[in-house]
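Visitor:
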Amino acid sequence: MQKIYLRKGKTVTFTILFLLIVCISGLGCSSSEKAPAGALLIEGNAVKDKAAFTLDELKSMEDGLVEADYFSVNSYGTKGYTHFKGIWVWHLLSKQVSLKEDASHVTFIAEDGYQVEYTLEDVMKEDYIDEQTPETRYKMILAWEEN
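Just so we're aligned, residue 7 is where the sequence shown starts under this note's numbering, counting upward by one.
#1: Contact defined as beta carbons within less than 8 angstroms: I believe I48 pairs with K56. What is the distance between those atoms, to the nearest angstrom?
#2: Quick check: the Cα distance between E107 and T113, rounded to an integer number of angstroms?
#3: Taking buried to mean at least 16 other C-beta atoms within 10 Å of its own C-beta, is A52 buried or exposed?
#4: In this structure, how does DSSP classify S78 when only helix, strand and coil are distinguished?
#5: Count the other CB atoms, across all protein chains shown, that sit within 10 Å of the CB of V79; report buried if there are 16 or more and exposed otherwise.
#6: Output the residue ranges of the beta strand (DSSP E) runs that lie fully inside the segment 54–133 and measure 3 residues or longer, sorted by chain position.
#7: Counting Cβ pairs closer than 8 angstroms, one from the segment 114–121 and one from the segment 71–87, do we hit at least three?
#8: Whole angstroms is fine: what's the gap from T139's alpha carbon to E127's?
#9: Any idea what DSSP makes of G44, helix, strand or coil?
#10: Sorted by chain position, which residues of the same chain lie with C-beta nearer than 7 angstroms to N153's C-beta, five sequence neighbours on each side aside?
#11: Assign E137 to one of three DSSP states: helix, strand, or coil.
#12: Using a 10 Å radius around the Cβ and a threshold of 16 neighbouring Cβ atoms, would you call I135 buried or exposed?
The structure is reproduced here in structure tokens:
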């Protein structure tokens, strides 16, 4: 189970049961519904209503889809590119979820308990750079396909 928190005094939790990469069709579930197995669950104090999305629903959100070769550097300093396909996290939050005005942070929590936090401003960015090709710009995505 992976979770993401958004907050500025309040918290939003995303439960992700599929691949999370470090981040629209109106098909969310109401707070009284149980999320389908394998769904992305968005809930918490900084959202007005809980929402859930299946992988097929995420894939159908054409306006938010991102497919690109993302640059990375591993802990040994090895540089490389990996091709990912997924959905821009900010597009999902801004188009499918009703955020409260004081939401300001997103915390991703992986199924194994690993977590990382970003500001909402970081999630909104469309200009993460590739240090080898500075004119290339990336968005933070939740990816379901690699290479």
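Glycine included, each C-beta is placed from N, C-alpha and C at the ideal position.
Guide: For this structure:
#1: 7 angstroms
#2: 17 angstroms
#3: buried
#4: strand
#5: exposed
#6: 57–59, 71–79, 85–94, 111–115, 121–125
#7: no
#8: 23 angstroms
#9: coil
#10: T88, H89
#11: coil
#12: exposed
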